[in-house]
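Structure first, commentary second.
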Amino acid sequence: MNIRIGQGFDVHTFGEGDHVMLGGVRVPHERGIVAHSDGDVVIHALCDAMLGALALGDIGRHFPPSDPQWKDADSLLFLRHCTRLLDGQGGWRVINADITVVCERPKVGPHADAMRERLARELGIDVNAVSVKATTSERMGFTGRGEGIAAMAVCLLGKA
């Protein structure tokens with residue numbers, strides 16, 4: 024089997040709102056995300072990992088924030104596009120994905136399984152091939168001060 028590994032990273036600041044989207048799941052929070060789309064850092068990092076594995080650029084190249092059609096877009100649209108793009112590049116697919124969310128709040132743990140299930144369903148893989156975990160930055164930096172949220176993703180692609 025041919026394999027490729029990709030990694031991705033995304034970050035957004037908090038702003039007005041009452042929830043954040045993480046891994047396609049609406050997570051209640053006292054703040055929202057400042058972003059052109061829905062600002063789902065989990066999906067954005069995963070998309071960058073998928074695109075990076077095949078040297079296809081980054082999410083901003085495929086969905087430029089300057090393009091008004093992506094204003095407030097559901098990031099699941101980006102994930103679906105990336106999945107189709109991989110398949111169109113010779114039948115690549117995600118074998119597994121490992122994602123880490125970095126923030127002090129909201130608490131990710133109670134929502135991690137729902138995120139894993141949503142991402143696995145979208146990717147067409149077993150839920151046991153998707154990991155979503157979280158860490159804090161020990162109150163250091165912008166995430167530690169509660170100014171924003173970040174996510175890192177690694178994925179393994181394969182094709183027969």
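In this note's numbering, the protein residues as written are 24 to 183.
Quick reminder that beta carbons are idealized off the backbone N, C-alpha and C, glycines included.
Mind reading off the beta-carbon distance from residue i to residue j? Whole number of angstroms is fine, and I expect it under 8 Å.
{"i": "His106", "j": "Ala174", "result": "Rather than His, the amino acid found at residue 106 in this sequence is Thr. With 8 Å as the limit, Thr106 and Ala174 do not qualify as a contact, their Cβ atoms being about 18 Å apart."}
{"i": "Leu45", "j": "Val117", "result": "No, Leu45 and Val117 are not in contact; Cβ-Cβ is about 18 Å, not under 8 Å."}
Let me make sure I understand the geometry here. Which of the options has the alpha-carbon closest to that of residue i?
{"i": "Ala72", "options": "Ile118, Phe32, Val57, Asp95", "result": "Phe32"}
{"i": "Ile66", "options": "Gln92, Leu108, Leu100, Asp136", "result": "Leu100"}
{"i": "Pro129", "options": "Ala157, Glu39, Ala120", "result": "Ala157"}
{"i": "Ala176", "options": "Leu142, Glu161, Gly164", "result": "Leu142"}
{"i": "Met163", "options": "Glu140, His59, Cys126", "result": "Cys126"}
{"i": "Val57", "options": "His35, Cys70, Gly47", "result": "His35"}
Since residue i is in the beta strand (DSSP E), which residue starts that stretch and which ends it?
{"i": "Ser160", "result": "First-last for Ser160: undefined, no H or E at that position."}
{"i": "Val64", "result": "Segment 64 to 76 is the alpha helix (DSSP H) holding Val64; no beta strand (DSSP E) there."}
{"i": "Leu179", "result": "171 to 182"}
{"i": "Ala120", "result": "116 to 125"}
Would you kindly work out how many angstroms separate the C-alpha atoms of residue i and residue j, rounded to a whole number?
{"i": "His52", "j": "Gly147", "result": "29 Å"}
{"i": "His104", "j": "Gly167", "result": "33 Å"}
{"i": "Pro87", "j": "Gly132", "result": "31 Å"}
{"i": "Pro91", "j": "Arg49", "result": "23 Å"}
{"i": "Val64", "j": "Ile82", "result": "11 Å"}
{"i": "Leu109", "j": "Arg27", "result": "11 Å"}
{"i": "Gly55", "j": "Val150", "result": "27 Å"}
{"i": "Ala68", "j": "Asp41", "result": "22 Å"}
{"i": "Ala135", "j": "Glu145", "result": "15 Å"}
{"i": "Glu170", "j": "Gly62", "result": "14 Å"}
Using a threshold of 8 Å, state whether the C-beta atoms of residue i and residue j are closer than that.
{"i": "Gln30", "j": "Leu77", "result": "no"}
{"i": "Val155", "j": "Asn119", "result": "no"}
Determine, for residue i, whether the minimum Cβ-Cβ distance to residues of chain C falls below 8 Å.
{"i": "Arg144", "result": "The question asks about chain C, but that chain is absent: this structure has only one protein chain."}
Where do the N-terminal and C-terminal ends of the alpha helix (DSSP H) with residue i fall, by residue?
{"i": "Cys105", "result": "98 to 111"}
{"i": "His85", "result": "82 to 85"}
{"i": "Arg168", "result": "Segment: none, Arg168 is in no alpha helix (DSSP H) and carries neither H nor E."}
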